[in-house]
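**Q**
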Amino acid sequence: ASQEHVTSIVARIRKTDDAINQIRVIAGNAGIALGVLHYGQVIYQANYGYRDVAGGVPPDSDTVFPVGSMTKAMVSAQLASLVEDGKVSLETKLSELIPEYHPENNSLKLNELATEANLADLLAHRLGLTAGNNFWSQKGQQVLVDKSETARIVGFLQPLAPFRAKFVYSNWSYGLAGEILERLSGEGLGPLLRKSLFEPLGMLQTTLGTPGGGNVSPPAYDDSKARAGAGACKSTVNDLLKLYAAWMTAANDQASAGRTSTPGSPFKRTALQWTAHSKINDDSDYGLGWVLTNLPAKVGLVGVNGYEAPELPVVAEGTKPRRLIYHQGSVCGGLSAVYLLPETETAIVVLGNSFDLCDTPDWISQVLLEAILDAQKPNDYVKLAAETACNALSHHQATIDKLAAEQEHGTKSKPLSAYIGRYFNEMGNFFLEFTVSEEHGGLTMTPQGCAQSAYDLQHYHHDVFFWPCDRDAESKQALYPQFAIGFHKVSFEVDAQENAVSCSWQIDKAIPDGETFTKK
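Pasting the structure below:
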């Protein structure tokens, strides 16, 4: 690219500064770091807000952020390398890789796990299973289940759609994929990615473990925990720009030369990842750890804006068709996005360190994308951010109103001692512990005995208890926003002796009937 061409792109990017700041203010973002590649070269970097709000310390291109589901593409890249090495194929059945998945296992909610389901089904979100995210973590990003339970949990998640019928996003699938990668390679996921990907590319600050160097808030989510393959990576703008530059170089080389590997590159079989394996909608597909589309198109489909925005805009309307490959990431404590235009080896990386009222990094990425492409009819992303934030804030009030309307006044509970004890799910690998709080004298529910994830309950009516639906309180406790009414209520089943024998709780928002936990 000529210097004049790059200069004009950078000038257009600089003009987005005001919009970016407005989006951040609307969303309540703490800090953002971003970077742009064009023809494989870094042409722009910028930072906003704070990496340490209390200390007033700004972020920079070497600040470590959680990148969430951007981890998924790294895991699928390693599995693509194993395909190249002949150790596995996308058609390898899960029953060959996971001992628990055999036809005699009648606890599997999806029978195909023991018969037809293969590695591609796992990586392209084709199993159709409910998300089950609250079995993994609730408050404070504390991981509630051991890694060894991953295969069993995937086995008991209820299907929301028939097998291979539609795209149903699943973090548990990538958690399982990461553990399959560990079994096939004989190495832990963190050390494997460090040795095969991060170190060869000079990504010295990237880790699936705990970042070093004065990190403000050590994350509880690391490569020793369940679902590490779905989102445990932490990285920097500088490191990720190295990663995506090398990725696009290898992909373009392999596509043009008709080969499956590139000398000196850690990326193999890149076409496997950038081939459509699952249809998301008419314009977009899922590859392996990547969303694939052609601009102009609606994008951001696997980020928070994908479900919170009243309507997603068509990006780069009026520009010539171009292939776009992207992904978002979200954890409680960070949002992130990467957008790639492989044709021009262009990458946009935006990392944030707070869970905002909308997906700030995603909207900013789209602002930058339209600036780079010189879209003549750019979207009003400030307006979109405001509409999305307003929508995000509306859910909790609706639940608060419903809780108030459905409450029966004047009823009494049993003595609180009737409810105390441990209640286990059907598989026996997840429990709710109920105790009487010495501090406030009420009932406390502690999932998996994890004190950081405890809920202080209030009597609702009869044998039903609840806790208030308050988005701010949830955010302060690093709880992903939970507005399903059934998540805020626990109903006890009581026997003739007036002792609770089981309880029902909607731990998964997609399963309105809730899960039954039996006292043992």
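If you want this note's numbering, it's the position in the sequence shown, counting the first as 1, plus 42. For every residue, glycine included, the Cβ atom is placed at its ideal position computed from N, Cα and C.
Can you name the residues that DSSP bridges to residue 475?
**A** The residue you call residue 475 lines up with position 433 of the sequence shown. Beta-bridge pairing links residue 475 to 464 and 488.
**Q** Which whole runs of the beta strand (DSSP E) in the segment 307-379 are 3 residues long or more, in chain order?
**A** Entirely contained in the segment 307-379, the beta strand (DSSP E) runs reaching 3 residues are, in chain order, 326-328, 333-337 and 364-373.
**Q** In chain order, what residues of the same chain have a beta carbon less than 6 Å from the beta carbon of residue 528, not counting five sequence neighbours either side?
**A** Counted from its first residue, the sequence shown places residue 528 at position 486. So the list reads 548 and 556, once near-sequence residues are dropped.
**Q** Are the Cβ atoms of residue 509 and residue 497 separated by less than 8 Å?
**A** Along the sequence shown, one-based indexing puts residue 509 at 467. Along the sequence shown, one-based indexing puts residue 497 at 455. Taking 8 Å as the Cβ cut-off, residue 509 and residue 497 qualify as a contacting pair.
**Q** Run through DSSP, which three-state label would residue 90 get?
**A** Locating residue 90 in the sequence shown gives position 48, counting from the first residue. Three-state result, residue 90: strand.
**Q** Here's the rule I'm using: 16 or more other beta-carbon atoms within 10 Å means buried, otherwise exposed. How should residue 369 be labelled?
**A** By 1-based counting over the sequence shown, the position of residue 369 is 327. Burial call: buried.
**Q** Among 442, 448, 443 and 492, which one has its Cα closest to the Cα of residue 464?
**A** Taking the sequence shown and counting its residues from 1, one reaches residue 464 at position 422. The option with the nearest alpha carbon to residue 464 is 492.
**Q** Starting from residue 501, follow its DSSP beta bridges and name the residues at the other end.
**A** Locating residue 501 in the sequence shown gives position 459, counting from the first residue. Answer is 507.
**Q** For residue 554, count neighbouring Cβ atoms within 10 angstroms of its own Cβ and tell me buried if that reaches 16, exposed if not.
**A** The residue you call residue 554 lines up with position 512 of the sequence shown. So residue 554 counts as exposed.
**Q** Can you confirm whether the segment 103-115 touches the segment 273-286 when touching is taken to mean that 3 or more C-beta pairs between the two stretches lie within less than 8 Å?
**A** Counting Cβ pairs under 8 Å, three or more are found: they touch.
**Q** Distance check for residue 277 and residue 175, CA to CA, integer angstroms please.
**A** Counted from its first residue, the sequence shown places residue 175 at position 133. Counted from its first residue, the sequence shown places residue 277 at position 235. For residue 175 and residue 277, the distance between alpha carbons rounds to 23 Å.
**Q** List the whole-angstrom C-beta distance separating residue 84 from residue 283, where the pair is believed to meet the contact cut-off of C-beta under 8 Å.
**A** Here residue 84 refers to the residue found at position 42 of the sequence shown. Here residue 283 refers to the residue found at position 241 of the sequence shown. Correct: roughly 6 Å between the Cβ atoms.
**Q** Since residue 444 is in the alpha helix (DSSP H), which residue starts that stretch and which ends it?
**A** Residue numbering aside, residue 444 sits at position 402 when the sequence shown is read from its first letter. It spans 423-448 - the alpha helix (DSSP H) in which residue 444 sits, taken as one unbroken run.
**Q** Buried or exposed: residue 57, going by 16 or more other Cβ atoms within 10 Å of its Cβ?
**A** For the purposes of this step, residue 57 is identified with residue 15 of the sequence shown, where counting begins at 1. Looking at its Cβ environment, which holds fewer than 16 other Cβ atoms inside 10 Å, residue 57 is exposed.
**Q** Which two residues bound the contiguous alpha helix (DSSP H) that contains residue 53?
**A** One-based indexing of the sequence shown puts residue 53 at position 11. Here the alpha helix (DSSP H) through residue 53 covers 45-56.
**Q** How far does the beta strand (DSSP E) with residue 409 in it reach, from first residue to last?
**A** In the sequence shown, residue 409 corresponds to position 367, counting from 1. Premise fails: residue 409 lies in the alpha helix (DSSP H), 402-414, not in any beta strand (DSSP E).
**Q** Quick test of the definition: if touching needs 3 or more C-beta pairs under 8 Å, does the segment 389-396 touch the segment 373-381?
**A** Touching, yes.
**Q** Just to confirm the assignment: which complete beta strand (DSSP E) runs, minimum length 3, are found wholly within the segment 262-315?
**A** DSSP runs (the beta strand (DSSP E)) wholly in the segment 262-315: none.
**Q** Can you tell me which of 308, 314, 288 and 287 puts its alpha carbon nearest to the alpha carbon of residue 300?
**A** Locating residue 300 in the sequence shown gives position 258, where the first residue counts as 1. Nearest option by C-alpha distance: 314.
**Q** Distance check for residue 177 and residue 4, CA to CA, integer angstroms please.
**A** Lying outside 43 to 562, the shown extent of the chain, residue 4 is not represented and no answer is given.
**Q** Can residue 267 and residue 357 be called in contact, C-beta distance under 8 Å?
**A** Sequence index remark: in the sequence shown, residue 267 carries index 225 (1-based). Sequence index remark: in the sequence shown, residue 357 carries index 315 (1-based). Contact flag unset, no.
**Q** Below 8 Å on the Cβ atoms is my guess for residue 126 versus residue 302; work out the distance and round it to an integer in Å.
**A** Indexing the sequence shown from 1 puts residue 126 at position 84. Indexing the sequence shown from 1 puts residue 302 at position 260. That belief holds up - the Cβ atoms of residue 126 and residue 302 are roughly 6 Å apart, short of 8 Å.
**Q** Considering only residues of the segment 129-186, which uninterrupted alpha helix (DSSP H) runs meet the minimum length of 4 residues and lie entirely inside it, listed in chain order?
**A** DSSP runs (the alpha helix (DSSP H)) wholly in the segment 129-186: 136-139, 161-165 and 175-178.
**Q** Does the segment 349-367 come close enough to the segment 88-97 that 3 or more CB-CB pairs lie under 8 Å?
**A** No, they do not touch.
**Q** Measuring straight from C-alpha to C-alpha, what distance separates residue 61 and residue 250?
**A** Here residue 61 corresponds to residue number 19 of the sequence shown, with the count starting at 1. Here residue 250 corresponds to residue number 208 of the sequence shown, with the count starting at 1. C-alpha separation (whole angstroms): 33 Å.
**Q** Taking the alpha helix (DSSP H) that residue 192 belongs to, which residues open and close that run?
**A** Residue mapping note: residue 192 aligns to position 150 of the sequence shown, counting from 1. Here the alpha helix (DSSP H) through residue 192 covers 192-198.
**Q** Is residue 466 near residue 562, with beta carbons less than 8 Å apart?
**A** Within the sequence shown, numbered from 1, the residue matching residue 466 stands at position 424. Within the sequence shown, numbered from 1, the residue matching residue 562 stands at position 520. Contact flag set, yes.
**Q** Report the three-state DSSP secondary structure of residue 542 (helix, strand or coil).
**A** Along the sequence shown, one-based indexing puts residue 542 at 500. Residue state, collapsed to three classes: strand.
**Q** Keeping to the same chain, check which residues put their C-beta closer than 8 Å to that of residue 213; ignore five residues upstream and five downstream.
**A** What you label residue 213 is simply residue 171 of the sequence shown in a count that begins at 1. Correct list, in chain order: 111, 173, 175, 178, 269, 272 and 273.
**Q** Along the chain, where does the beta strand (DSSP E) containing residue 229 start, and where does it finish?
**A** Locating residue 229 in the sequence shown gives position 187, where the first residue counts as 1. Note, residue 229: premise wrong, no beta strand (DSSP E); not H, not E.
**Q** Please determine, among 373, 318 and 141, the residue with the shortest C-alpha to C-alpha distance to residue 191.
**A** Residue mapping note: residue 191 aligns to position 149 of the sequence shown, counting from 1. Checking every option, the nearest Cα to that of residue 191 belongs to 141.
**Q** Does the beta-carbon of residue 287 have 16 or more other beta-carbons within 10 angstroms, so that it is buried, or is it exposed?
**A** Stepping through the sequence shown from its first residue, residue 287 is reached at position 245. Classification for residue 287: buried.
**Q** Starting from residue 106, follow the alpha helix (DSSP H) in both directions and report where the run begins and ends.
**A** Start at 1 with the first residue of the sequence shown, and residue 106 comes out as number 64. Neither: residue 106 is in no alpha helix (DSSP H) and is coded neither H nor E.
**Q** With distance defined between alpha-carbon atoms, name the residue in 454, 469, 331 and 320 nearest to residue 168.
**A** In the sequence shown, the residue the question calls residue 168 occupies position 126. Considering only alpha carbons, the answer is 320.
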